[in-house]
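K.L.:
Residue numbers (the working numbering), protein chains in the order written: chain A, 25 to 290; chain B, 53 to 723; chain C, 2 to 145; chain D, 10 to 349; chain E, 4 to 282.
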């Protein structure tokens with residue numbers, strides 16, 4: 025039994041939590057989310073390079089919340105999601121345990137402060153490769169960028185898998201569902217798709233923790249991560265602000281500095 | 053069923069000279085939902101307004117668009133006319149075809165077309181307007197003034213004299229504040245206490261003022277007109293009702309070598325003490341930190357000598373709750389102390405003192421009874437160097453601002469010194485002299501010219517001791533940057549005025565904003581200088597920024613006037629152009645998801661958390677709620693809300709969205 | 002494109018730019034009639050979606066204008082707006098949408114002349130860019 | 010159904026496609042882009058992927074586009090004018106390279122759209138669309154066509170079925186009259202196909218469950234809330250499964266435009282929480298587990314009963330597209346195997 | 004290709020607008036093209052898709068009786084995008100209408116029986132159609148009892164008709180409002196519909212009950228009727244599932260094996276008992 029399985033078994037057996045949300049083996053060698061509710065099933069848990077989903081998305085699902093206190097197997101982005109959700113008043117202190125799997129020992133984070141401390145030791149910046157890709161993309165001409173996104177968005181089905189997979193898209197009424205006025209066209213035509221994707225990116229600005237689940241969820245492979253990383257980068261360089269590093273921080277866009285840059289304003 | 057009336061004004065020829073008003077009226081009539089469209093020479097005239105009123109009554113209009121001048125000009129006029137005809141005034145909009153069209157464009161089709169566009173836009177808007185009712189908030193006509201310095205005293209007296217109850221909260225054992233410590237005041241050199249103490253007594257005796265001295269604000273909830281304050285009355289260790297203020301206890305107290313706060317550390321006081329003889333209330337407190345009994349469990353001498361048995365060693369802090377309708381913040385300022393100026397030896401050399409200490413030296417009631425003597429050896433200093441801008445206007449030290457009062461009090465100090473030590477040599481190091489104010493420049497000039505104070509323009513770089521003298525090294529920038537060394541007996545630093553140490557904490561309790569230096573922020577730097585961004589909380593005095601006495605008093609009276617105006621009605625009536633959060637029937641209750649991004653964005657702390665509970669009391673969700681008493685209607689929250697759950701009346705999502713679409717659909721009209 | 006007259010929408014705050022534009026009028030300064038104003042209480046109120054709606058509805062250019070920093074009637078609405086525009090502008094540019102189509106500015110109630118100049122220059126600029134077909138052509142695409 | 014068999018070489022096939030294009034037909038076919046293969050409008054055989062297992066999306070958009078105009082209208086000056094679509098102007102379309110399961114799915118779509126009242130737009134598109142399927146030479150663990158009555162070389166639903174014989178030739182089975190008409194004038198490109206055997210070239214797809222047991226299993230399980238909650242706990246409620254599904258046909262009707270505008274039909278999904286939501290806030294299916302159950306019931310129980318056709322063809326797309334690995338085969342198998 | 008496209012609406016002119024209650028309106032619609040109108044037949048219980056061009060379609064029952072020819076009526080509450088747009092229309096403006104759709108109240112089978120109509124709030128419209136239909140053929144039926152409740156007095160719709168029914172001696176009308184919803188001069192009952200029904204205790208013998216109301220009212224009314232001895236097959240209701248197409252294709256109203264738009268909207272309680280509780 026792996027350390028993770030052992031820890032999960034212990035938490036369930038001691039009733040410290042009612043459910044362990046982790047990864048299990050799924051179809052085709054992939055990992056999938058599992059909800060372990062009995063200590064005897066702890067052996068179903070796995071953790072390896074295939075375990076990518078940001079399981080914090082389930083913290084917002086009413087059916088999962090009903091199961092009781094949860095221990096969540098986390099990746100770094102998951103921890104940042106938890107803090108961001110806490111900062112947005114969505115999860116309460118002491119409502120969950122975070123299980124950080126590692127080779128030697130399972131680290132158990134029980135408080136937001138502990139998660140904050142853990143996250144502080146991580147590099148929350150975009151990776152070098154991510155920065156390079158952004159750089160490469162930004163260097164393209166305006167028309168090239170426009171054509172690229174028009175082609176990408178023309179394939180968008182508006183299946184909302186990006187939204188469903190995103191733990192920060194927890195709104196019970198999405199802007200796209202507001203029809204008085206109809207902010208965003210419901211049909212998945214080109215204009216509607218552009219507006220939908222711009223809206224979603226803007227609504228994640230200063231909030232997205234770059235977990236990448238939206239891109240992974242997109243059935244037609246639109247590189248949504250580029251949009252999010254662009255905004256992560258802009259919010260950091262512009263406002264020195266990062267999402268998901270504190271359970272109490274204000275959102276970059278609901279705060280300001282009197283000396284924010286304004287070279288584009290006449 | 054929209055039945056919109058459009059009323060197009062010629063404004064004499066101001067509009068009709070460049071806009072074909074007949075065509076505008078004809079085109080407006082074709083807009084779906086427009087039931088009535090007319091033009092008239094002067095719509096704002098009585099007959100013009102009558103046209104509007106008659107049409108409302110006769111045609112049963114559900115909305116009115118007056119295409120005329122700017123709404124900033126006549127919106128109230130036409131809204132009133134609508135109301136008189138029985139139409140909710142908020143169902144009237146103005147299409148600005150004068151300032152924004154006829155006056156700024158040449159005569160021609162393009163101008164007329166634009167006028168039609170504007171009318172169509174406003175028709176689209178008004179179709180989405182909702183009948184709104186003014187917001188009424190009850191007002192508790194009791195003011196709380198926090199801080200009993202001159203600003204707080206003035207505000208309290210003005211409000212109390214206007215006939216309203218005032219609760220004055222002072223954290224020190226006596227009111228009076230910094231002004232009570234001052235010797236003389238510029239520019240008249242009248243005695244500070246002589247003008248202040250009568251006011252203090254008036255406060256104590258005023259029937260409308262309840263004074264809580266030695267007390268601090270614990271918390272403040274609620275909103276304009278309806279605050280709930282909790283005030284902590286710190287334990288004086290004394291029954292105030294029994295105490296007569298005879299002073300026996302303070303005379304007999306054996307712990308007598310405690311630095312006096314009132315004397316800025318230059319004098320001493322006992323453990324049971326009244327800060328100064330004219331204190332209000334004239335009741336002592338026991339400083340439990342220094343009291344022998346509290347430290348050792350023995351003594352109780354004061355208890356023994358007290359003729360009225362007023363001493364209460366076991367007294368606890370007491371929390372007093374009060375309903376108040378308005379708050380005036382008058383918590384004053386502090387000055388920079390300690391190791392902020394290591395290069396000046398402040399805190400290291402006893403004869404490098406700050407301005408407040410000099411005030412005590414110069415004060416007839418001070419530790420030297422008004423004689424200027426060095427703290428170190430009590431000698432009368434022959435040479436005194438006054439250093440202005442000690443810390444102020446020094447971005448490197450983090451204080452970019454000017455402390456404003458130092459130029460004047462430094463001139464005063466130098467004069468006072470010269471008046472008391474006729475042979476003394478006062479020097480003043482300064483950067484610029486800021487003497488804007490009635491009789492201020494004259495005052496400074498007197499110091500220079502009549503009293504022979506030596507003004508040296510330049511910064512002091514270092515102060516160090518050499519052979520019993522304080523060597524002040526500086527540069528005289530007016531004399532070709534000549535380095536300068538003055539051997540002084542006393543150095544007085546005009547240290548920067550800063551916010552009170554607890555300013556930030558108090559601001560957070562009150563939910564008022566403050567600047568980078570923790571000075572409280574006014575609602576508008578020009579037009580609302582005595583209001584905070586939190587409705588019902590006003591500012592007076594140096595808690596907003598360093599100020600001198602007349603300014604503090606003026607602002608206090610201003611704040612008092614604001615309070616009195618607020619208290620002039622039993623209900624606060626406001627335009628309903630405020631934000632509202634979606635509420636709907638169960639099971640949804642509200643589309644708000646409670647992320648509270650709006651809360652941090654709101655400049656007015658108008659967004660509260662509301663817990664929605666089921667019949668069994670179970671918490672269903674926590675959602676945002678706009679306090680109509682606080683919201684000013686900027687709509688910043690609206691643009692933040694991802695679920696579009698918050699909307700602003702008068703500029704709602706539906707209204708502005710309809711405007712954008714209507715403005716741009718000219719192409720369809722032409723097609 | 003000599004005959005092209007752009008359609009420009011100006012989203013302005015009530016307290017500064019709307020009043021500034023009023024002053025342009027009372028001063029009888031002339032400017033291009035291609036610009037029409039929509040009034041908001043504050044730039045902080047302006048939803049970025051409205052800008053998209055304007056482009057989708059055929060606007061060739063947009064002006065967004067409010068009070069200068071520190072002059073906001075509501076003290077900080079324009080600061081919030083400014084952050085929003087920084088991010089939004091970056092995103093539009095990233096998507097290949099020509100941000101030269103959106104002119105942000107601060108025009109105070111005293112700057113009637115600045116308003117006229119801003120409008121004229123923006124109109125001229127947008128005239129030079131031509132109709133915003135890059136965006137307008139999206140309408141109708143993807144409907145079979 | 011007895012089909013006519015011919016064989017065609019790769020170059021001839023390329024020629025055939027270019028002839029269709031020259032004749033003004035649109036060709037919708039699988040095209041590779043990055044690591045995904047999906048249907049796209051193509052100009053030549055070169056662009057077409059033939060070696061993939063399955064496309065991301067189904068070709069249903071040929072008949073049931075993501076967004077289509079039902080009619081346009083103009084309302085001004087108190088008058089409304091409805092302009093119907095010119096059905097005659099709809100383009101002739103060849104769907105090429107769809108799989109036999111996809112072809113079978115069109116049968117299900119027909120049953121839905123023409124249930125009692127014919128859907129004229131759908132029918133007009135159908136009349137102008139020819140299905141040239143390509144049999145499966147490979148399959149993956151998500152495929153289960155054989156469990157739902159299909160097969161990697163099944164001809165049902167196709168107008169023409171091509172099978173890559175592995176030797177450069179394709180076996181062409183002309184299944185329908187439409188298929189035969191389609192090839193009129195192109196006979197020269199073909200050789201006789203009699204005697205050519207396709208079985209050995211087809212993928213093997215083992216039967217994974219007994220279809221007979223699914224409906225009773227669903228009925229038995231219907232009220233077992235815990236069962237459905239367990240199955241759907243990780244489901245996030247997006248529409249990916251429905252949108253890639255070849256038989257999912259739920260749609261929404263939306264108006265766009267002001268004075269002139271269009272009434273549009275667009276895809277929708279029963280998996281969305283708002284699909285059934287009343288304006289009052291009441292939601293008949295408030296839980297994801299109910300919506301998941303609805304999806305399975307609709308395909309495996311309601312459609313067979315009401316429209317006489319199974320709503321699932323075993324293409325496996327929903328399982329592949331699901332961001333959280335909701336594997337329909339696994340779930341249906343669990344239902345079929347559940348003991349009474 | 005000759006058949007009329009199922010999605011193509013008839014153009015209808017608004018002939019009359021009646022304000023029924025706060026935000027509740029009745030529109031009387033006539034066919035713009037009189038030929039289309041002549042060929043138009045509907046029966047009580049059926050519904051249609053009403054549209055405002057540019058805003059979309061929404062579903063309401065036909066609230067008028069087939070016995071009143073030459074027009075149809077619908078009653079709706081202003082709530083969503085389309086109903087708000089409908090509510091903004093005036094007399095003589097044009098709306099779209101598709102229908103009639105769905106099944107009908109089997110009023111022929113009810114001949115010779117007592118009829119008990121129970122309605123709540125804005126669900127009176129479907130009932131109004133059948134009530135007028137029955138009253139226009141009054142001699143075919145025995146006792147007619149109507150129990151109608153709303154949240155408040157203001158929320159009662161068809162106030163003029165309620166008065167008319169109250170004045171007829173061949174109709175027994177009981178109106179009620181929720182506790183707290185009454186006005187000082189309110190003459191009717193105070194209480195929720197199921198409770199009022201329980202108190203009224205109408206005889207179930209040879210009686211057909213028709214219940215229309217919000218889901219929660221239906222849920223609590225059925226047990227009362229069962230207690231009073233009504234057989235599930237003698238209790239009728241109409242379901243108000245969300246619909247888009249109205250013709251069994253869009254999937255929205257699918258509840259169990261039923262498509263409310265095709266198999267309903269009229270169902271008996273017996274049918275509902277076999278259906279999943281997804282309505």
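Glycine is no exception: its CB is placed at the ideal position from the N, C-alpha and C atoms.
(1) Find the residues of chain A that neighbour residue 84 of chain E, judging by a C-beta separation of less than 7 Å, and give them in chain order.
(2) If you measure between the beta carbons of residue 728 of chain B and residue 439 of chain B, is that distance less than 8 Å?
(3) From the DSSP output, which residues share a beta bridge with residue 57 of chain A?
(4) Can you tell me the Cβ-Cβ gap for residue 116 of chain D and residue 144 of chain D, rounded? I've got them flagged as a contact below 8 Å.
(5) With a threshold of 8 Å between beta carbons, is residue 4 of chain E in contact with chain D?
(6) Indicate whether at least one CB of chain C lies closer than 8 Å to the CB of residue 30 of chain A.
(7) Which residues of the segment 440-458 of chain B have a Cβ closer than 7 Å to any Cβ of chain H? Give them in chain order.
(8) Check whether the Cβ atoms of residue 78 of chain A and residue 150 of chain A lie closer than 8 Å to each other.
(9) From D:33, D:207, D:335, D:246, pick the residue whose C-alpha is nearest to that of residue 138 of chain D; which is it?
(10) Could you tell me the distance, in whole angstroms, from the CA atom of residue 712 of chain B to the CA atom of residue 147 of chain B?
(11) Would you kindly report the start and end of the unbroken beta strand (DSSP E) that includes residue 218 of chain B?
(12) In terms of DSSP beta bridges, what is residue 178 of chain E paired with?
(13) Output yes if chain B places a C-beta closer than 8 Å to the C-beta of residue 109 of chain C; else output no.
(14) Flag this pair as yes or no: are the beta carbons of residue 18 of chain C and residue 108 of chain C separated by less than 8 Å?
(15) How do the segment 600-611 of chain B and the segment 203-210 of chain B stand: do at least 3 beta-carbon pairs fall below 8 Å, yes or no?
(16) Residue 4 of chain E to residue 273 of chain D, Cα distance in whole Å?
(17) Going along the segment 56-72 of chain C in order, which residues come within less than 8 Å of chain A, judged by CB to CB distance?
(18) Would you say residue 420 of chain D and residue 58 of chain D are within 8 Å of each other, going by their C-beta atoms?
(19) Tell me which same chain residues have a C-beta within less than 6 Å of the C-beta of residue 152 of chain E, skipping the five on either side of it?
(20) Are there three or more Cβ pairs, one per stretch, closer than 8 Å when the segment 344-358 of chain B is compared with the segment 157-166 of chain B?
(21) On the three-state DSSP scale, how would you describe residue 722 of chain B?
(22) Who are the Cβ neighbours of residue 369 of chain B in its own chain at under 8 Å, not counting the five residues just before and after it?
(23) Examine the ligand GDP and report whether any of its heavy atoms sits within less than 7 Å of the Cβ of residue 39 of chain E.
(24) Is the beta carbon of residue 244 of chain B sitting closer than 8 Å to the one on residue 234 of chain B?
(25) Against residue 53 of chain C, what residues of chain A qualify as contacts under a CB-to-CB distance less than 7 Å, listed in chain order?
(26) So what's residue 77 of chain E in DSSP terms, helix, strand or just coil?
P.N.:
Quick look at the numbers:
(1) As a position in the fifth chain, residue 84 of chain E is number 81, starting the count at 1. Those are 203, 204, 206, listed as they occur along chain A.
(2) This structure cannot speak to residue 728 of chain B, because chain B is shown only from 53 to 723.
(3) For the purposes of this step, residue 57 of chain A is taken as the residue at position 33 of the first chain. Looking at the DSSP assignment, residue 57 of chain A forms a beta bridge with A:47.
(4) Looking up residue 116 of chain D in the fourth chain gives position 107. Looking up residue 144 of chain D in the fourth chain gives position 135. Actually they do not touch by this definition, with Cβ atoms about 17 Å apart.
(5) Against the fifth chain, residue 4 of chain E aligns to sequence position 1. Residue confidence for residue 4 of chain E is low, a pLDDT of 40 falling below 50, so the modelled location carries little weight and cannot support an answer.
(6) Sequence index remark: in the first chain, residue 30 of chain A carries index 6 (1-based). Chain C contact via Cβ: absent.
(7) Here chain H cannot be found, since the structure's protein chains are A, B, C, D and E.
(8) Translated into positions along the first chain, residue 78 of chain A becomes position 54. Translated into positions along the first chain, residue 150 of chain A becomes position 126. No.
(9) The residue labelled residue 138 of chain D in the question sits at position 129 within the fourth chain. The shortest Cα separation from residue 138 of chain D among D:33, D:207, D:335, D:246 belongs to D:33.
(10) Looking up residue 712 of chain B in the second chain gives position 660. Looking up residue 147 of chain B in the second chain gives position 95. Those two C-alpha atoms are separated by around 14 Å.
(11) The sequence position of residue 218 of chain B within the second chain is 166, counting from 1. Looking at the DSSP string, the run of the beta strand (DSSP E) that includes residue 218 of chain B is 217-221.
(12) Taking the first residue of the fifth chain as position 1, residue 178 of chain E is located at position 175. BP columns for residue 178 of chain E point to E:151.
(13) Taking the first residue of the third chain as 1, we reach residue 109 of chain C at position 108. Not one chain B Cβ lies under 8 Å of residue 109 of chain C.
(14) Working through the third chain from its first residue, we reach residue 18 of chain C at position 17. Working through the third chain from its first residue, we reach residue 108 of chain C at position 107. Cβ atoms of residue 18 of chain C and residue 108 of chain C: closer than 8 Å.
(15) yes
(16) As a first step, residue 4 of chain E must be located in the fifth chain, where it is residue number 1. As a first step, residue 273 of chain D must be located in the fourth chain, where it is residue number 264. Note that residue 4 of chain E scores a pLDDT of 40, beneath 50, so its modelled location is shaky; the value from the coordinates is reported in the next line. For residue 4 of chain E and residue 273 of chain D, the distance between alpha carbons rounds to 20 Å.
(17) 57, 70, 71
(18) Past the edges of chain D, shown from 10 to 349, lies residue 420 of chain D, and the structure says nothing about it.
(19) In the fifth chain, counting from the first residue as 1, residue 152 of chain E sits at position 149. Cβ neighbours of residue 152 of chain E beyond the five flanking positions: 123, 179, 196.
(20) no
(21) Within the second chain, numbered from 1, the residue matching residue 722 of chain B stands at position 670. With a pLDDT of only 38 at residue 722 of chain B, under 50, the local geometry of the prediction cannot be trusted, and the value read off the model is given with reservation. In this structure, residue 722 of chain B counts as helix in the three-state DSSP scheme.
(22) On the second chain, position 317 is the one that residue 369 of chain B refers to. Only 284, 285, 286, 287 meet the Cβ criterion.
(23) For the structure depicted, the ligand GDP is absent and the ligand set is empty, with no information on it obtainable.
(24) The residue labelled residue 244 of chain B in the question sits at position 192 within the second chain. The residue labelled residue 234 of chain B in the question sits at position 182 within the second chain. Going by C-beta atoms, residue 244 of chain B is nearer than 8 Å to residue 234 of chain B.
(25) Locating residue 53 of chain C in the third chain gives position 52, where the first residue counts as 1. Ordered by position in chain A, the residues that pass the 7 Å Cβ test against residue 53 of chain C are 219, 222.
(26) Residue mapping note: residue 77 of chain E aligns to position 74 of the fifth chain, counting from 1. Note: residue 77 of chain E maps to strand in three-state DSSP.
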